[in-house]
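>
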Amino acid sequence: MRYDVKYGKTRMARALKMYHNEPPAGERLPLIRNYDGHQFNNRCVYVTDVQNNQVFCKSQKWFQSHEIYCVHIQNNKTVSCTCKDVQICKHMLCVEMNYQELRSRKVRRLRL
């Protein structure tokens, strides 16, 4: 299956799927609440609560890699993520959607 079909066409589409607890096509939702010392208690099963200016976010490829990325927060804005994406990544967007007080951009257009 093509990547864009399985996970979403754009970063925003992928982040929205994560925010709405929609697993990738053909996968199941990662309902594991505690993993590797991280507690995923938020209503979104992909992100943790904010702790020490960090939020941890599960990968959409959770069942393949069990990867967790760290989204760093500074001055009430998401500033970086430990994933390989060099732009504003889906993990940062998902965290911003879950914690609206962390919005780092004034206006965002949804392109799906």
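Just so it is clear: in the sequence shown, position 11 is 854 by the working numbering, and no numbers are missing.
For each residue, glycine too, the CB sits at the ideal point set by N, CA and C.
#1: So who's on the other strand from I916, going by DSSP bridges?
#2: Tell me which residue opens and which closes the alpha helix (DSSP H) that V898 is part of.
#3: Cα-Cα, which of R854, E939, M855 and N864 is closest to W905?
#4: Identify whether N941 lies in helix, strand or coil by the three-state DSSP scheme.
#5: For my contact list, P873 and V888 are in at a C-beta cut-off of 8 Å; report their separation, rounded to the angstrom.
#6: Using 10 angstroms around the beta-carbon of N919, count the other beta-carbons present and answer buried if the total reaches 16, otherwise exposed.
#7: DSSP three-state label for M861, please.
In this structure, then:
#1: The sequence position of residue 916 within the sequence shown is 73, counting from 1. The partner list for I916 (beta bridge, DSSP) reads T921.
#2: The sequence position of residue 898 within the sequence shown is 55, counting from 1. Per DSSP, V898 belongs to no alpha helix (DSSP H); it is in the beta strand (DSSP E), Q897 to K901.
#3: For the purposes of this step, residue 905 is identified with residue 62 of the sequence shown, where counting begins at 1. When only C-alpha atoms are compared, the closest one is N864.
#4: Here residue 941 is taken as the residue at index 98 of the sequence shown, counted from 1. In this structure, N941 counts as helix in the three-state DSSP scheme.
#5: Start at 1 with the first residue of the sequence shown, and residue 873 comes out as number 30. Start at 1 with the first residue of the sequence shown, and residue 888 comes out as number 45. Going by Cβ atoms, the distance from P873 to V888 rounds to 6 Å, so yes, they are a contact pair.
#6: Numbered from 1 along the sequence shown, position 76 holds the residue referred to as residue 919. Its Cβ having fewer than 16 others within 10 Å, N919 is exposed.
#7: Here the question's residue 861 lines up with position 18 in the sequence shown. In this structure, M861 counts as helix in the three-state DSSP scheme.
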